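At position 348 of the sequence shown the residue is numbered 354 (this note's numbering), and the sequence of numbers has no breaks.
Just so it is clear, CB atoms sit at the ideal spot from N, CA and C, and this is done for glycine as well.
Fair warning: this is a prediction, and the values are worked out from it, not measured in the lab.
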Amino acid sequence: MTSELIIERVRKGVFVEIQEKSLTEDVIETLKKLPAGTYAFVTDDVDAAKLVYEGHLDHILRKALKLGLEPEKAFYAATLAPANRMRLYDRGALTPGKIADVIVVSDLEQLDVIKVFKEGKLIYTKDRGFLINKVSHVSAIPGKFLSSIKPFKISSKILEVKAPISYGEINVNVIEVLPHTTFTRKRKETVKVFNSKVLWENTSLALAAVFNRYGYERYALGFVKGAILKKGAIATTYAHDSHNLLVLGRNVNDMVKAADYVVKGQGGLAVVCDNRLLAYQKLPVGGIMSLDNSEKVAKNIALIRETLYNLGYEHFDPIKSISTLTLTVSPELKITPRGLFDVVENRIINLFEMGN
């Protein structure tokens with residue numbers, strides 16, 4: 007989101023939602039000139055580690071204040087504006103008649119939470135912690151959501167990439183991951199073929215495999231390059247928007263083992279290298295949610311992110327990068343169980359480019 011786009015949309019009467027990645031000095035100067043209520047701060051894909059260690063809207067609020075946005079406009083964009091946007095007209099401001107959901111912070115810089123009131127009741131203080139009993143809702147989760155992934159075993163045979171030629175070289179369409187965005191590029195690479203098998207290991211390419219979570223009979227293989235892991239593999243069901251099983255790796259053995267951990271756990275993220283499990287978070291609720299407390303999940307997600315960095319993943323957010331390789335509304339080239347999807351042309355394309 008640029009300053010020009012913000013101004014254009016406000017002039018057309020469009021309410022503007024601003025993520026952290028759009029908060030630049032130039033954008034802040036533009037927001038200073040706009041009336042409060044024409045924009046709001048929003049979040050997108052805040053994982054447990056970022057939520058616990060950095061924060062939610064409070065993290066964006068700190069950044070906006072640090073960049074010079076007036077406190078009254080910044081707080082408005084993080085409270086009343088998003089409440090109104092979501093038509094939650096009963097909250098968002100300290101006004102008679104509204105729900106008394108109130109946070110008391112230390113100052114206008116660090117925004118350390120001192121007290122939290124929910125519907126007028128004090129439920130948390132920094133010194134004493136939570137003043138209410140934490141309630142477990144595990145028993146309320148329907149059983150079907152705890153067994154939503156059809157058990158199956160991925161083998162090295164399934165991960166063989168079969169070419170339409172027996173020997174020689176052939177061009178393939180490749181997803182290129184860029185380091186500073188979840189947008190990808192559509193590239194072409196030449197690969198060697200021996201006995202109808204693509205020899206992709208020990209090249210600049212990684213293999214991506216996407217399996218339908220309700221039955222692996224429908225799956226697709228593709229190649230990925232760029233700011234990705236240089237060794238090992240990761241498997242995950244946290245893969246937008248259908249949350250099928252996505253496996254990305256530099257060798258088949260690690261891919262098989264990572265996938266096995268995730269399938270047996272009914273979802274999650276698993277990082278494997280040299281046949282060893284390095285980091286893991288189980289997500290058994292629908293394949294996207296955990297039954298663990300936030301502190302434990304945050305620790306595991308932070309370890310997964312750190313491990314991916316150590317394996318050579320150069321993206322600013324490896325987990326977000328991986329989870330959007332299957333997001334078919336985000337340009338340019340993504341992968342689904344039906345095959346590679348060209349977002350720009352809005353169609354499935356072949357892995358192999360014949361006659362080029």
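- Contact between the region 53–66 and the region 297–311 is present: 3 or more CB-CB pairs across the two stretches fall below 8 Å.
- DSSP places Lys79 in the helix class (H, G or I) of the three-state scheme.
- Distance from the Cα of Thr131 is smallest, within the candidate group Gly271, Glu125, Lys121, for Lys121.
- With a threshold of 16 other beta carbon atoms within 10 Å, Asn179 meets it and is buried.
- Fully enclosed beta strand (DSSP E) runs of no fewer than 3 residues occupy 225–232, 239–242, 251–255, 274–279, 282–288 of the region 222–305, in order along the chain.
- Where Asn90 is concerned, the enclosing alpha helix (DSSP H) starts and stops at 86–91.
- Taking a C-beta distance under 7 Å as the contact criterion, Lys79 and Ala42 qualify as a contact pair.
- Look at the beta carbons and you see the region 197–213 touching the region 160–168: at least three pairs across the two are nearer than 8 Å.
- Listed in chain order, the beta strand (DSSP E) elements of length 3 or more contained wholly in the region 295–361 are 339–342, 345–348, 353–355.
- For Glu115, the closest of Glu76, Gly126, Gly292, Thr49 by C-alpha to C-alpha distance is Glu76.
- For Asn208, the closest of Ala215, Lys237, Arg91 by C-alpha to C-alpha distance is Lys237.
- Around Arg344, the same chain offers Arg224, Ala226, Ile354 as residues with beta carbons nearer than 8 Å, after the five sequence neighbours per side are excluded.
- Nearest Cα to Ser145 within the set Leu297, Ala245, Glu60: Leu297.
- Counting C-beta atoms within 10 angstroms of its own C-beta, Met92 has fewer than 16 neighbours from the protein chains shown and is therefore classed as exposed.
- For Gly126, the number of other beta carbons within 10 angstroms of its own is below 16, and it is reported as exposed.
- The criterion of a C-beta distance shorter than 7 Å is satisfied by Glu23 and Ala46.
- Here the alpha carbon of Thr332 sits roughly 16 Å from the alpha carbon of Gly232.
- Contact between the region 172–192 and the region 155–162 is absent: fewer than three C-beta pairs spanning the two stretches fall below 8 Å.
- Counting the other Cβ atoms within 10 Å of the Cβ of Thr334 gives 16 or more, which makes it buried.
- Counting only the Cα atoms, Asp64 lies some 21 Å from Lys104.
- The beta-carbon distance between Tyr222 and Ser329, rounded to whole angstroms, is 20 Å. This is too long to meet the 8 Å contact definition.
- Linking Glu359 to Asp348 through their CA atoms gives a straight-line distance of about 14 Å.
- At the C-beta level, Phe123 and Ala99 stay beyond 7 Å of one another.
- Secondary structure at Ala99: coil, using DSSP grouped into helix, strand and coil.
- As DSSP reads the structure, Tyr130 sits in a beta bridge with Val122, Phe136.
- Partner residues in the beta bridge of Lys192, as assigned by DSSP, are Ile181.
- About 14 Å separates the beta carbon of Lys340 from that of Ile234, a gap too long to meet the 8 Å contact definition.
- In this chain, the beta strand (DSSP E) harbouring Ile109 covers 108–111.
- It is roughly 27 Å from the alpha-carbon of Thr44 to the alpha-carbon of Val119.
- By the neighbour-count criterion, in which 16 or more other beta carbons inside 10 Å mark a residue as buried, Ile129 falls on the exposed side.
- Contact annotation, Asp260 with Cys279: C-beta distance approximately 6 Å; criterion of less than 8 Å satisfied.
- Using a Cβ distance threshold of 7 Å, Ser154 and Gly292 count as a contacting pair.
- With respect to the 7 Å criterion, Ala214 and Gly228 are classified as neighbours on the basis of their beta carbons.
- Shortest Cα-Cα distance from Asp51 to any of Lys39, Val33, Glu26, Val262 involves Glu26.
- A distance of 7 Å or more separates the beta carbons of His321 and Pro148.
- Going by DSSP, Val58 is part of the alpha helix (DSSP H) stretching over 54–59.
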